[in-house]
Amino acid sequence: MKVYLGRDSYESRHGKSVAHNTVIALAECVKGKGHKLFMDNFFTSPDLFHELLHNYKINSCGMIRCNRTNYPKLNAGIRMQKGQIKIKFSSGMTAACWKDKREVFMLSNMHNPIATYDETDKPEIVATYNKNMGFVDLSDRMANSYTF
Numbered sequence: 001m002k003v004y005l006g007r008d009s010y011e012s013r014h015g016k017s018v019a020h021n022t023v024i025a026l027a028e029c030v031k032g033k034g035h036k037l038f039m040d041n042f043f044t045s046p047d048l049f050h051e052l053l054h055n056y057k058i059n060s061c062g063m064i065r066c067n068r069t070n071y072p073k074l075n076a077g078i079r080m081q082k083g084q085i086k087i088k089f090s091s092g093m094t095a096a097c098w099k100d101k102r103e104v105f106m107l108s109n110m111h112n113p114i115a116t117y118d119e120t121d122k123p124e125i126v127a128t129y130n131k132n133m134g135f136v137d138l139s140d141r142m143a144n145s146y147t148f
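Counting along the sequence shown from 1, when you hit position 110 you're at 110 in the UniProt record's numbering, and nothing is skipped either side.
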């Protein structure tokens with residue numbers, strides 16, 4: 001197990017961000033074991049997901065900031081209707097923008113872009129992310145309940 005000790009221990013190397021280097025350093029212990037990583041928009045990037053899949057054999061899924069480098073422009077300034085989804089697929093990665101109350105941008109290298117989708121339900125990529133990240137939200141809420 002490796003404990004995150006702050007920014008200084010994962011300084012920006014090789015032109016990659018501190019967030020990128022942190023995930024790569026922590027992924028070393030599960031390299032090649034077929035694990036799946038779910039992360040929030042602070043860590044998610046196309047370059048990171050490509051490296052995790054091809055060098056570490058780790059599938060990844062996460063929310064992403066729409067202006068992240070190398071993330072495709074999915075909404076291109078067009079207003080989306082609630083339930084609408086736009087998807088692009090390239091190099092084994094699925095980029096999706098889904099409109100619920102607001103636009104939700106996702107990136108995954110484990111989801112099939114051709115999956116059937118019913119506009120009354122969440123897309124599979126969003127449902128899988130919520131299922132696996134739900135514990136993080138719950139633990140954050142519980143931790144905040146006991147702050148001093």
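Note that CB positions come from ideal geometry on N, CA and C, so glycine has one too.
No experiment lies behind these values; they were computed from the predicted model shown.
Cβ contact annotation for residue 90 (same chain, cutoff 8 Å, sequence separation greater than five): 72, in chain order. By the neighbour-count criterion, in which a residue is buried when 16 or more other Cβ atoms sit within 10 angstroms of its Cβ, residue 95 is buried. Check the Cα spacing between residue 132 and each of 70, 78, 62: the tightest is with 62. Residue state for residue 55 is assigned as helix, using DSSP reduced to three classes.
In the three-state reduction of the DSSP assignment, residue 26 falls in the helix class, which pools H, G and I. DSSP places residue 42 outside both helix and strand once states are collapsed to three, so it counts as coil. Bridge partners of residue 126 according to DSSP: none are assigned.
In the three-state reduction of the DSSP assignment, residue 19 falls in the helix class. Taking 8 Å as the upper bound for CB-CB distance, residue 27 and residue 58 are in contact here, some 6 Å apart. A Cβ-Cβ contact shorter than 8 Å links residue 99 with residue 82. Under DSSP, residue 108 forms a beta bridge with 61, 94. Relative to residue 50, the option among 70, 41, 33, 66 whose CA is nearest is 70.
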